Amino acid sequence: MTVIRPMPFADASAAQEWLQRVSGDQELAAALAAEAAHRLNRALHAHRTAAGDPHVADADPARAVAIRFGFGTGEEVADGRWRDARELPEAQRRGLLKRDYEAMRPQERIAAVLGGRERVGPHEELILRARGDLDAGRTATAALGLHAGLEALLRGPAAPVASTEAGEALRGRLAEAESIAAAARRSVLAGASDADLDRAALDDALRAAEAAMRQRVLQ
119 MTVIRPMPFA DASAAQEWLQ RVSGDQELAA ALAAEAAHRL NRALHAHRTA
169 AGDPHVADAD PARAVAIRFG FGTGEEVADG RWRDARELPE AQRRGLLKRD
219 YEAMRPQERI AAVLGGRERV GPHEELILRA RGDLDAGRTA TAALGLHAGL
269 EALLRGPAAP VASTEAGEAL RGRLAEAESI AAAARRSVLA GASDADLDRA
319 ALDDALRAAE AAMRQRVLQ
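First residue of the sequence shown: 119, per the numbering used here; consecutive thereafter.
Written as structure tokens, this is what we have:
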């Protein structure tokens, strides 16, 4: 999949200088990859809802087989060709995945779930989807999903136990997160759009929910 950013350069040497800068700056490369994923996911979201197909998944740069940055004329890039391009090294590409999934021991958890020793709580899928929605810019949808996920987490059998100081602190964070999610949900139901919502506050609330999920998995 090619995402074209219509950004004209003064000349070929300016374009080459930009490509060199992207190749040597990991933060810039990560920002450009995130921007491309955001644009692509907007198109995928439109297709998913218009076609009524829930199985069209968002794109994640960290899971791409390859990521290339390049430049060319409008005709060249429209045909999938480049004047010049550089591929992001595999280690750098995998480093785009910021969340610490390794800390959740995914292989052990998968084996436990498939073996019937553990079950996936309904709050887990809701919270994971809320993260995907928030990262893709679907803030209103994320608010609704996060509220439902927190409600299932805090009132279900997997509710965190405040038996330690850390557990008490997490319960406090979750109570605040639920308040933020509830306020955002009310705003959405009253007609608020993505831009009307406090994305940073929702991100903090979501981080609290994710911390509770990690604690549950690592117990």
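Where is the CB? At the ideal position from N, CA and C, for every residue including glycine. Keep in mind that this is a model prediction, so the values were computed, not measured.
Listed in chain order, the beta strand (DSSP E) elements of length 3 or more contained wholly in the segment 169-204 are 186-189. The DSSP-derived three-state label of Val121 is coil.
Of all C-beta pairs linking the segment 253-266 to the segment 301-320, three or more are shorter than 8 Å, placing the two stretches in contact. In the DSSP assignment, Glu242 falls within the alpha helix (DSSP H) that extends over Pro240 to Asp253. Around the CB of Val231, fewer than 16 other CB atoms lie within 10 Å, so the residue is classed as exposed. In this structure, DSSP gives Ala128 a state outside helix and strand, which the three-state scheme calls coil. Here Glu153 is not near Ile185, since their CB atoms are 9 Å or more apart. Arg304: member of the alpha helix (DSSP H) spanning Glu283 to Leu307, first to last residue. Measuring C-alpha to C-alpha distances from Trp200 to each of Gly170, Val174, Leu288 and Phe187 identifies Phe187 as the nearest. Rounded to the nearest angstrom, the gap between the Cα atoms of Ala254 and Ala155 is 8 Å. In the pairwise beta carbon analysis, the segment 163-178 is classified as not touching the segment 265-277: fewer than three pairs are separated by under 8 Å.
For the 9 Å CB-CB criterion, Phe189 and Ala133 form a contact. For the options Ala293, Gly213, Asp322 and Gly192, the alpha carbon positioned closest to that of Met125 is the one of Gly192. Distance from the CA atom of Glu243 to the CA atom of Glu236, rounded to whole angstroms, is 15 Å. For Arg211, the uninterrupted alpha helix (DSSP H) run begins and ends at Glu208 to Arg212, by DSSP.
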